[in-house]
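Novice: Can you read through this structure? Questions will come right after.
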Amino acid sequence: EVQLVESGGGLGQPGGSLRLSCAASGFTFSSYEMNWVRQAPGKGLEWVSYISSIGTTIYYADSVKGRFTISRDNAKKSLFLQMNSLRAEDTAVYYCTREGFSSSFDSWGQGTLVTVSS
Amino acid sequence: DIQLTQSPSSVSASVGDRVTITCRASQGIGSRLAWYQQKPGKAPKLLIYAASSLQSGVPSRFSGSGSGTDFTLTISSLQSEDFATYSCQQVNSIPFTFGGGTKVEIK
Numbered sequence: 138e139v140q141l142v143e144s145g146g147g148l149g150q151p152g153g154s155l156r157l158s159c160a161a162s163g164f165t166f167s168s169y170e171m172n173w174v175r176q177a178p179g180k181g182l183e184w185v186s187y188i189s190s191i192g193t194t195i196y197y198a199d200s201v202k203g204r205f206t207i208s209r210d211n212a213k214k215s216l217f218l219q220m221n222s223l224r225a226e227d228t229a230v231y232y233c234t235r236e237g238f239s240s241s242f243d244s245w246g247q248g249t250l251v252t253v254s255s
Numbered sequence: 483d484i485q486l487t488q489s490p491s492s493v494s495a496s497v498g499d500r501v502t503i504t505c506r507a508s509q510g511i512g513s514r515l516a517w518y519q520q521k522p523g524k525a526p527k528l529l530i531y532a533a534s535s536l537q538s539g540v541p542s543r544f545s546g547s548g549s550g551t552d553f554t555l556t557i558s559s560l561q562s563e564d565f566a567t568y569s570c571q572q573v574n575s576i577p578f579t580f581g582g583g584t585k586v587e588i589k
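Protein chains in written order, with our numbering: chain R, 138 to 255; chain U, 483 to 589.
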């Protein structure tokens with residue numbers, strides 16, 4: 138069974154940093170492209186970042202470019218999101234997702250809540 | 483960036499009803515569209531990929547159609563477990579944008 142389990146969320150200070158992790162199991166992690174998606178309270182879904190299967194190609198949404206860094210450790214079957222210079226508008230549930238057929242997101246973690254507030 | 487406009491934003495329907503949700507892209511995306519279902523407090527679930535392909539394990543009452551700029555998600559006979567929010571997503575180009583969502587509520 139495919140499982141994605143996020144961790145690392147919590148309360149962050151404006152201007153501060155948090156590091157999210159996603160532990161993958163039940164599939165060959167190194168063969169899949171991965172993404173982070175977030176959802177602000179009561180709002181719709183927002184794509185955040187993409188990383189290729191071997192980590193050589195990376196993309197970011199404009200809203201996080203220069204502040205967030207996506208990475209992966211295929212040996213440890215883990216995906217990461219380093220979040221720096223946090224802003225109140227980064228408050229959201231962050232989901233780790235796997236890309237499947239036709240680049241659709243076929244598996245999602247349960248999400249981890251990030252709250253940015255002083 | 484490609485904008486996705488969903489309509490309606492909400493719909494009230496009864497069990498057994500046929501429900502249709504539309505998603506319009508601001509430019510052509512071929513068949514590079516997915517549909518997701520999300521229930522309160524839960525992660526989204528993939529229903530349809532490549533505009534019309536049913537994800538494994540998803541009931542056949544769900545179907546998708548369209549290409550280019552206009553897409554449709556249809557629930558042929560609404561069941562109680564289908565009351566949720568549905569979102570489209572384009573995966574044709576970065577950024578992978580989502581529609582604003584359609585909430586399907588009990589009438």
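All C-beta atoms, glycine included, are put in the ideal place defined by N, C-alpha and C.
Please state whether the Cβ-Cβ distance between R:Trp184 and U:Pro577 is less than 8 Å.
Specialist: It is a contact, given that the beta carbons lie within the stated cut-off.
Novice: State the DSSP-derived secondary structure class of R:Glu226, mapped to helix, strand or coil.
Specialist: helix
Novice: State the DSSP-derived secondary structure class of R:Ser162, mapped to helix, strand or coil.
Specialist: strand
Novice: Cα separation between R:Leu157 and R:Leu141?
Specialist: 13 Å
Novice: Hey, U:Ala525 and R:Tyr232: beta-carbon distance below 8 Å or not?
Specialist: yes
Novice: May I ask you to list, following chain order, the residues of the stretch 569-586 of chain U that have a beta carbon less than 9 Å from some beta carbon of chain R?
Specialist: Those residues of the stretch 569-586 of chain U placed with their C-beta closer than 9 Å to a C-beta in chain R are Ser569, Gln571, Val573, Asn574, Ile576, Pro577, Phe578, Thr579, Phe580, Gly581, Gly582 and Gly583, ordered along the chain.
Novice: Please decide whether U:Arg506 counts as near chain A, where near means a Cβ-Cβ distance under 8 Å.
Specialist: Although the question refers to chain A, the structure presented lacks it and instead comprises the protein chains R and U.
Novice: At a CB distance below 9 Å, what residues from the stretch 228-255 of chain R approach chain U? Give them in sequence order.
Specialist: Val230, Tyr232, Thr234, Glu236, Gly237, Phe238, Ser239, Ser240, Ser241, Phe242, Asp243, Ser244, Trp245, Gly246, Gln247 and Gly248
Novice: Assuming R:Phe242 and R:Thr234 are in contact, meaning their beta carbons sit under 8 Å apart, how far apart are those beta carbons, in whole angstroms?
Specialist: 4 Å
Novice: Of all the residues that make up the stretch 485-497 of chain U, which are near chain R by a beta-carbon distance shorter than 8 Å?
Specialist: none
Novice: Quick one: using the 10 Å Cβ neighbour count with 16 as the cut-off for buried, is U:Ile511 buried or exposed?
Specialist: buried
Novice: Does DSSP put U:Asn574 in a helix, in a strand, or in coil?
Specialist: coil
Novice: Determine which residues of the stretch 184-203 of chain R have a Cβ less than 8 Å from any Cβ of chain U, and write them out in chain order.
Specialist: Trp184, Tyr187, Tyr196, Ala198 and Asp199
Novice: Tell me, please, whether the CB atom of R:Gly181 is closer than 8 Å to any CB atom in chain U?
Specialist: Closer than 8 Å: yes.
Novice: Taking contact to mean at least 3 C-beta pairs separated by less than 8 Å, is the stretch 160-177 of chain R in contact with the stretch 208-218 of chain R?
Specialist: yes
Novice: Figure out for me which residue from U:Gly548, U:Ser513, U:Ser508 and U:Thr504 has the closest Cα to the Cα of U:Ser492.
Specialist: U:Thr504
Novice: The beta strand (DSSP E) that contains U:Glu563, what's its start and end?
Specialist: Per DSSP, U:Glu563 belongs to no beta strand (DSSP E) and is neither H nor E.
Novice: Do R:Arg224 and R:Pro151 have their C-beta atoms within less than 8 Å of each other?
Specialist: yes
Novice: So, helix, strand or coil for R:Asn263, using DSSP?
Specialist: In the structure as shown, chain R starts at 138 and stops at 255, and residue 263 of chain R therefore has no counterpart that could be examined.
Novice: Rounded to the nearest angstrom, how far is the Cβ of R:Gly181 from that of R:Arg209, given a contact under 8 Å?
Specialist: With a contact defined as Cβ atoms closer than 8 Å, R:Gly181 and R:Arg209 miss out at about 26 Å.
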